[in-house]
Amino acid sequence: VIKNNAVGIRVESDLSDEESPIEDIAITGNTIEDNDSDGVRCAETMEYRSGSYPYEVTLDSNTITGNGDNGVELVGCQWEVTNNTLEQNTGWGISVAATERSDDPSSTATVYDNPYDALSPQNADNDLVPLPDLTDNTFVDNTAGGIHFLDTTAANADTLAADNTFSSTVAG
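If you want the numbering used here, it's the 1-based position in the sequence shown plus 15.
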């Protein structure tokens, strides 16, 4: 049981680099509950993907409930999220967002520099746009709703509603 933390489980890009990308990790069989913010949060891990695996992390067969914000928040992260129960979180059951690639002022190489720190069509090839697979999850009574996407969608977008179960929440 992972509970009563600021965030239940956090996976972020500052924990990885090109030599040791965050990938081929499984988070399974946990109860993640009553955390102050998100139950599970991932930020910008796509930046260092090797391409060896279709998803960086598989989040499978967890119960994620009663968290102070989203059950799962994926920002610039390519995950497979399957067979989880997401219920009574204050935010969304799952929130997925694209983000801009981070600037690296310490690098001497040519780096991406987004002066507006926002997504834009002109910089699309530098953005981190996840397409997670969201399958066989159950969403119950999440305050904001079941699923939220910002500037992205799911890999299984055409069958997303049929691939998951929604009770007292909406897929949005």
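Glycine residues also receive a C-beta, built at the ideal position from the N, C-alpha and C atoms.
Owing to the predicted nature of the structure, the values given are computational and were not obtained by experimental measurement.
Mind checking which residues open and close the beta strand (DSSP E) that includes residue i?
i	result
Ala-176	From DSSP, Ala-176 is part of no beta strand (DSSP E) but of the alpha helix (DSSP H) over 175 to 178.
Leu-146	Where Leu-146 is concerned, there is no enclosing beta strand (DSSP E), given that its DSSP letter is neither H nor E.
Gly-108	107 to 112
Thr-153	153 to 155
Ile-162	160 to 165
Ile-37	Premise fails: Ile-37 is in no beta strand (DSSP E) and is neither H nor E.
Val-26	24 to 27
Do residue j and residue i have their beta-carbon atoms positioned less than 8 Å apart in this structure?
i	j	result
Asp-148	Ala-112	no
Glu-102	Asp-53	no
Asn-50	Asn-77	no
Thr-153	Asn-171	no
Ile-109	Gly-86	yes
Val-72	Ile-40	yes
Leu-74	Val-90	no
Ile-42	Thr-60	no
Val-155	Ser-182	yes
Leu-146	Thr-174	no
Asn-45	Asn-104	no
Hey, residue i and residue j are a contact pair by Cβ (cut 8 Å); roughly how many whole angstroms apart?
i	j	result
Trp-107	Ala-159	5 Å
Val-55	Gly-83	Contact flag wrong, Cβ pair sits at about 13 Å.
(request) Scan the stretch 40 to 114 and note each continuous beta strand (DSSP E) run of 3 residues or more that stays entirely inside, going in chain order. (result) 40 to 43, 46 to 48, 55 to 58, 72 to 75, 78 to 80, 87 to 90, 94 to 97, 100 to 102 and 107 to 112
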